[in-house]
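*Asks:*
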Amino acid sequence: MTNQVDQKRVAQAGVHDNPDFVVKYLEEIELLAENVLAERREVIELNKRRDKLREASRAIRKQPTNVKMNWMCLNNNFLGMSTKDCIRLIDRDFDQLNIEINQAEKNLKENIKKLYDAEKKPEIRGFHLKSLSREERQEFDQLLEPYI
Numbered sequence: 071m072t073n074q075v076d077q078k079r080v081a082q083a084g085v086h087d088n089p090d091f092v093v094k095y096l097e098e099i100e101l102l103a104e105n106v107l108a109e110r111r112e113v114i115e116l117n118k119r120r121d122k123l124r125e126a127s128r129a130i131r132k133q134p135t136n137v138k139m140n141w142m143c144l145n146n147n148f149l150g151m152s153t154k155d156c157i158r159l160i161d162r163d164f165d166q167l168n169i170e171i172n173q174a175e176k177n178l179k180e181n182i183k184k185l186y187d188a189e190k191k192p193e194i195r196g197f198h199l200k201s202l203s204r205e206e207r208q209e210f211d212q213l214l215e216p217y218i
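In my numbering, each residue's number is its place in the sequence shown (first place is 1) plus 70.
1) Assign Asn136 to one of three DSSP states: helix, strand, or coil.
2) Check Gln152 in the structure and name its three-state DSSP category.
3) Taking the C-alpha atoms as reference points, what is the distance between Cys143 and Ala126?
4) Bridge partners for Asn147 per DSSP, in chain order?
5) Can you check which of these residues, Asn88, Glu170 and Lys94, is closest to Ala188 by C-alpha distance?
6) Taking Cβ positions only, does Gly196 come closer than 8 Å to chain D?
7) In this structure, does DSSP put Leu107 in helix, strand or coil?
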């Protein structure tokens, strides 16, 4: 009777006598953790690229209005482009990077959820919260205005 109770406690605690099971479980956890780290590195690299685009956009917009041509380095080529074309190109790349970053962050959250499920950890509260958009924030501020 006590042996069955002990086995039940061991099973509930997640402890197993089978070393092959433990090794397979640890390999699965390690693979999921590597996926999380790789996705995190990708998000960081994409954010660095977005910051560089933001710097370039700011530099072009700050220059005097009499400058009509700008030199842009695309890959290993320097191209002379009009200011409007440069701004349009940078804005398009910036929008594309925002889409890629949002997708990478979504994948990162999914990978973290898989890792937590595999480790049998409880889900993080508020992990799937999204920030308010500018319009939502303005509406919220208007609602709170009489109370402030």
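For each residue, glycine too, the CB sits at the ideal point set by N, CA and C.
*Replies:* Looking at the coordinates:
1) Residue numbering aside, residue 136 sits at position 66 when the sequence shown is read from its first letter. Reduced to three states, the DSSP call for Asn136 is coil.
2) Indexing the sequence shown from 1 puts residue 152 at position 82. Sequence inspection shows Ser at residue 152; the Gln mentioned does not correspond to that position. Three-state DSSP puts Ser152 in a strand.
3) Start at 1 with the first residue of the sequence shown, and residue 143 comes out as number 73. Start at 1 with the first residue of the sequence shown, and residue 126 comes out as number 56. Cα to Cα, the separation comes out at about 11 Å.
4) Position 77 of the sequence shown, counted from the first residue, corresponds to residue 147. According to DSSP, Asn147 bridges with Leu144.
5) Here the question's residue 188 lines up with position 118 in the sequence shown. Nearest of Asn88, Glu170 and Lys94 to Ala188, Cα basis: Lys94.
6) The question asks about chain D, but that chain is absent: this structure has only one protein chain.
7) The residue you call residue 107 lines up with position 37 of the sequence shown. Note: Leu107 maps to helix in three-state DSSP.
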